[in-house]
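Participant:
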Amino acid sequence: MGFGMLLIGYFLTNVMPVISIFSAAMLPGYVLIAVALYRLAPYQKRFYYTMWLAIPALPFALYYTLYGFVAAGLLSELAFLGGTLYAVVEWIYFIYLFLLGGMILWGVADLARELGLQEL
């Protein structure tokens, strides 16, 4: 159905980047989330709208991947990615991730309501 792919994508995007060099997992993670939401869209239309909200996450994933490589000392020529730019991107990403998570949960809640599983 797509919930397993959604779980794996969520793991790649939110757990793996705890170690800076593993932030490269965000790129395939957000692609996996978008594909999972596309597969869930026939069951609940909110997943379709959320899929379009998941696609703009790719620039964030690219930024955090490059920043993870800078933090690990692999790309020192991109050191400008830290400092004030990092703080601004961090706040924008926080708001974006809050909206994306809320939309995913809203889709799951509507699907549970349609199936008569309100307690979920």
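The sequence shown begins at -6 in the numbering used here and counts up one residue at a time. Where a beta carbon is used, it is the ideal one built from N, C-alpha and C, also for glycine.
DSSP state of TYR36, grouped into three classes?
Facilitator: TYR36: coil per DSSP, three-state reduction.
Participant: Please work out which residues of its chain come closer than 6 Å, Cβ to Cβ, to PHE114, disregarding the five sequence neighbours upstream and downstream, and give them in chain order.
Facilitator: Beyond the ends of the chain as shown, which are -6 and 113, falls residue 114; an answer cannot be given.
Participant: Verify whether the separation of the beta carbon atoms of LEU20 and LEU55 is less than 8 Å.
Facilitator: Their beta carbons are under 8 Å apart, which means LEU20 touches LEU55 by this criterion.
Participant: For the putative contact between GLY66 and ALA17, defined by C-beta atoms under 8 Å, what is the C-beta separation to the nearest angstrom?
Facilitator: Not quite, the Cβ-Cβ distance comes to about 15 Å (not below 8 Å), so this is no contact.
Participant: Which residues bound the alpha helix (DSSP H) around MET(-2)?
Facilitator: Taken as a continuous stretch (DSSP letters only), the alpha helix (DSSP H) holding MET(-2) covers -4 to 7.
Participant: Any heavy atom of the ligand MN closer than 7 Å to the beta-carbon of ALA102?
Facilitator: The ligand MN is not part of this structure, which contains no ligands at all.
Participant: Going by CA-CA distance only, name the one from LEU25, ILE26, GLN37, TYR3 that's closest to LEU108.
Facilitator: Per the Cα distances, GLN37.
Participant: Measure the Cβ-Cβ separation of LEU25 and LEU5 and say whether it is below 8 Å.
Facilitator: Yes, the Cβ-Cβ distance between LEU25 and LEU5 is below 8 Å.
Participant: Under a Cβ-count criterion, where at least 16 other Cβ atoms within 10 Å of its own Cβ denotes burial, should LEU93 be classed as buried or exposed?
Facilitator: Classification for LEU93: buried.
Participant: Along the chain, where does the alpha helix (DSSP H) containing VAL63 start, and where does it finish?
Facilitator: Counting along the chain, the alpha helix (DSSP H) containing VAL63 begins and ends at 50 to 64.
Participant: Quick one, are the C-beta atoms of TYR23 and GLY(-5) less than 8 Å apart?
Facilitator: No. Outside cutoff.
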